[in-house]
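For the record, in the sequence shown the residue sitting at position 5 is 218 according to the numbering used here, with numbers rising by one throughout. Glycine included, each C-beta is placed from N, C-alpha and C at the ideal position. Below is one structure; the comments refer to it alone.
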Amino acid sequence: MQDKLKILKNLQDLDQELNDVRRQLAVLESEAGELTAERVRVEGMVATLGDDLARLEGELAELDCALSIEQDNVVKAEGRLPAIKTQKEYVAVLKEIDTAKKVNKEIQDRIKNKNEEIAALAAEKAEKDAELAAVSARTAERSAVIQAQIDEIKANTSAREAQRKELFGQIPPALGKRYQVLIERRNGVAVVLAQKGACTGCNMLLPPQLYNNLYTTREILSCPLCNRLLYLGEG
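In structure tokens:
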């Protein structure tokens, strides 16, 4: 019975170590996820700015093309003036030239505004490009450290899990099932010290006969309140 209790205590110590390791692993993986999310967020901002910049540059190209066409219209209309023979036609061409020049002015104003938009957006994108470079460098450096820690933890976890499997195989299946149920239901504590007449798992005073039986029985006894498996301490 004492041998089984010793195995159970060792098994519990190992399970608690594994739980601690899994918590550490979860923290590291969470941090790695946050680093990736931050980099992806900035990448998204850079991509959106790039798309917006490309759109504005496309609109600017269209305006430049429209301006060129209207300027050609003015040149062509002005070139027709010397050949005009009637006053009515002359006035009509002048009106056409005036209208084309007004359109040119409107397009030039739009081009100016578009260039200002592009300049502002390009400056913002340059700022975000620099931020992305910094985030990527920081993320890569920290991620490498995290991954090394994760790899080490997983290697140690595999060794501990193999050790656990070996220990678990040394106890009877029924006892192993009792232990596993308690581990899951009692916050990872299945085996506790009985000391000074009490269960140290739930602090309940044990029935005197039960406590006395701990000294003589070959069975593994449980606390009547929390059902944890008991082993004796001094006092």
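Three-state secondary structure assigned by DSSP to residue i
i            : result
valine 402   : coil
leucine 262  : helix
leucine 419  : coil
cysteine 278 : helix
glycine 448  : Residue confidence for glycine 448 is low, a pLDDT of 42 falling below 50, so the modelled location carries little weight and cannot support an answer.
Continuous beta strand (DSSP E) stretch holding residue i: start and end
i           : result
leucine 445 : 442-445
Short Cβ contact (8 angstroms threshold) for residue i with residue j
i             : j              : result
valine 259    : lysine 341     : yes
leucine 221   : valine 404     : yes
leucine 203   : isoleucine 366 : Since the first and last residues shown for the chain are 214 and 448, residue 203 lies out of range.
glycine 414   : arginine 441   : yes
glutamine 313 : alanine 290    : The sequence shown places alanine at residue 313, rather than the glutamine named in the question. For alanine 313 and alanine 290, yes; Cβs fall inside 8 angstroms.
alanine 407   : leucine 427    : yes
arginine 254  : serine 349     : no
leucine 218   : tyrosine 444   : yes
leucine 266   : lysine 327     : no
Run of the alpha helix (DSSP H) containing residue i, from where it starts to where it stops
i             : result
glutamine 362 : 300-381
Member of the options whose CA lies at the smallest distance from the CA of residue i
i              : options                           : result
aspartate 216  : Gln300, Leu280 and Leu388         : Leu388
leucine 419    : Tyr428, Cys436, Thr429 and Arg431 : Cys436
leucine 438    : Met417, Glu432 and Pro421         : Met417
isoleucine 324 : Arg355, Ala346, Gly271 and Gln300 : Gly271
glycine 263    : Arg351, Ile433, Gly446 and Leu334 : Leu334
glutamine 229  : Ile396, Gly446, Ala368 and Glu379 : Ile396
serine 356     : Ala279, Glu302 and Thr249         : Thr249
glutamine 284  : Glu302, Lys301 and Ile310         : Ile310
- request: Answer yes if the region 244-251 comes into contact with the region 348-364, meaning at least three C-beta pairs across the two stretches below 8 angstroms, and no otherwise.
  value: Touching, per the Cβ criterion.
- prompt: Is it a yes or a no for the region 220-237 touching the region 312-321, going by three-plus beta-carbon pairs under 8 angstroms?
  reply: Because the criterion of three Cβ pairs below 8 angstroms is not met, the region 220-237 and the region 312-321 do not touch.
message: I'd like to know if the region 295-305 and the region 342-354 are in contact, where contact means that at least 3 CB-CB pairs between them fall below 8 angstroms.
response: With a cut-off of 8 angstroms, the region 342-354 and the region 295-305 do not count as touching, because too few Cβ pairs lie within range.
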